[in-house]
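A short write-up of the structure that comes next.
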Amino acid sequence: MTTEATLPSTSASPTARQVWTRTRGVALALIVLVAAAIAIAVIRSDARHGELDPRSVDPNGSRAVAELLADRGVDTRVVTTLDEAAAASGPDTTLLVATPDLLTRGQQSRLHDSFADSGGRTVLVTSGSASVERLAPGVTADPATSLDSTLAPDCDLPAAQRAGTADTGGVRYTTTHLDADQCYPSERLATLLRIPDTTGNGDTVALGAPDILLNDRLDQQGNASLALQLLGSRPHLVWYLPSLSDTSATATDDERGFFDLLPSGWLWGTLQLFIAAALAALWRARRLGPLVPEKLPVAIRASETAEGRARLYRKADARDRAANALRSTTRTRLAPLTGVPVTQAHTPEALLPALSAHLHGDGQDLHALLFGPPPSDDAALIALADRLDALEREVRRP
């Protein structure tokens, strides 16, 4: 115990160099992953810039369709707030809502109230289950999207018949409106719906995919024809791009919790992963019988074991356990030297009289040394170890 502070570092208390040697592989891998993530983020930072924006010339922008509409006398105006979109509704206006799922529930209800029975046309692009039932009551989005992108019209809508095959495959819709035009079906579910208003000449169009509006897809199939017919039926086109800066999204009745923002599939997937982890834990923790001792694969020196246990005692500040271990070992070695059976080595009535007779010493001092209370600090523990060593040397002296 007296030399523990000067012993070199072991596995119980590795040095900084040893820690670095063991963890440098993991640290290097983390650095590579972080660097790769940053590089990918920088490279792809502009990948979604201007998506479905009629001012953008990016592949995912919609500048081309806006230019074609302008050639036909249709003016396009971009709005980013709900107030502007609601104020623009009218019989001579087509309102296009890009990514309606970004709108809150309150925004969806207010937007529907503004264009319902207005006499104009409303085009909902990729409106999913989070929005289509409020923006187009009586329409439901199927959870499974279309497997095919290019589809045939297969309906009586004149615009679809003139356009022919188009890239509308995406969200699939069902409706309870008997007079709705259900076009471009995928497995008998429409990817384009036209629902006429109950009064007036207005209608609502649900478009399952944005491909016919994108710059890099406009010249394929009948995309351009379908886009121009859907968006060019009125002289004015209001292109609504929902924005996070819209103050109408901060209304108190629109607050949603964390779980409301997660798709239902993620929740079910998390539950399945939790069940799988629990089953794996039960499988790994199974017990097929009593524990069987095994021989160590390598020999461990007694000094290393003693040093490791001493360091654990020191780390846990367990001076009482260390003192009991020292006293118990000393009593076990002293008993045979004084003629006391080892089975009675830890009984003061048997060991102390024989030890006192052998040393001609004070029995009370021996009792405090061999059976006394635990030391109060490290210095007292070291002193106890020294006294026990001295006692054993004295007993062994011829």
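Quick note on our numbering: the sequence shown kicks off at 1071 and runs consecutively.
The C-beta atom is built at its ideal place from N, Cα and C for all residues, glycine as well.
Can you tell me which residues form a DSSP beta bridge with residue i?
i, result
"residue 1195", "1168 and 1277"
"residue 1306", "1145 and 1163"
"residue 1264", "1251 and 1275"
"residue 1209", "1245"
"residue 1388", "None, per the DSSP bridge assignment."
"residue 1221", "1236"
"residue 1259", "1256"
Using only the alpha-carbon positions, how far apart do residue i and residue j sit?
i, j, result
"residue 1276", "residue 1101", "46 Å"
"residue 1322", "residue 1176", "Residue confidence is low: residue 1322 scores 46 on pLDDT, short of 50, so the model does not pin down where it sits. No coordinate-derived value is stated."
"residue 1378", "residue 1370", "11 Å"
"residue 1252", "residue 1244", "9 Å"
"residue 1266", "residue 1143", "24 Å"
"residue 1127", "residue 1134", "7 Å"
"residue 1429", "residue 1465", "7 Å"
"residue 1057", "residue 1239", "Nothing about residue 1057 can be read from this structure; the chain reaches only from 1071 to 1468."
"residue 1418", "residue 1355", "45 Å"
"residue 1272", "residue 1299", "15 Å"
"residue 1199", "residue 1278", "12 Å"
"residue 1188", "residue 1339", "42 Å"
"residue 1476", "residue 1349", "For the chain, the structure presents residues 1071 to 1468; residue 1476 sits outside this window and is missing."
"residue 1096", "residue 1108", "18 Å"
"residue 1344", "residue 1103", "26 Å"
"residue 1079", "residue 1314", "With a pLDDT of only 47 at residue 1079, under the threshold of 50, the placement of this residue in the model should not be trusted; the figure read from the coordinates follows. Their Cα atoms are separated by approximately 57 Å."
"residue 1088", "residue 1098", "16 Å"
"residue 1409", "residue 1375", "30 Å"
"residue 1233", "residue 1152", "32 Å"
"residue 1454", "residue 1424", "21 Å"
Suppose contacts are defined by Cβ-Cβ distances below 8 Å. Is residue i in contact with residue j by that definition?
i, j, result
"residue 1306", "residue 1145", "yes"
"residue 1205", "residue 1161", "no"
"residue 1159", "residue 1185", "yes"
"residue 1280", "residue 1196", "yes"
"residue 1311", "residue 1297", "no"
"residue 1147", "residue 1309", "yes"
"residue 1241", "residue 1215", "yes"
"residue 1167", "residue 1193", "yes"
"residue 1293", "residue 1131", "no"
"residue 1458", "residue 1439", "yes"
"residue 1291", "residue 1236", "yes"
"residue 1405", "residue 1393", "no"
"residue 1445", "residue 1389", "yes"
"residue 1462", "residue 1397", "no"
"residue 1262", "residue 1230", "yes"
"residue 1125", "residue 1304", "no"
"residue 1401", "residue 1421", "yes"
The beta strand (DSSP E) with residue i in it runs from where to where?
i, result
"residue 1149", "1145-1149"
Can you name the start and end residues of the alpha helix (DSSP H) that residue i belongs to?
i, result
"residue 1228", "1228-1233"
"residue 1316", "No alpha helix (DSSP H) holds residue 1316; DSSP gives it neither H nor E."
"residue 1176", "1175-1185"
"residue 1462", "1448-1466"
"residue 1429", "1418-1429"
"residue 1152", "1152-1157"
"residue 1299", "1293-1301"
Report yes or no: is there a C-beta of chain C within less than 8 Å of the C-beta of residue i?
i, result
"residue 1309", "The structure shown contains no chain C; it is built from a single protein chain."
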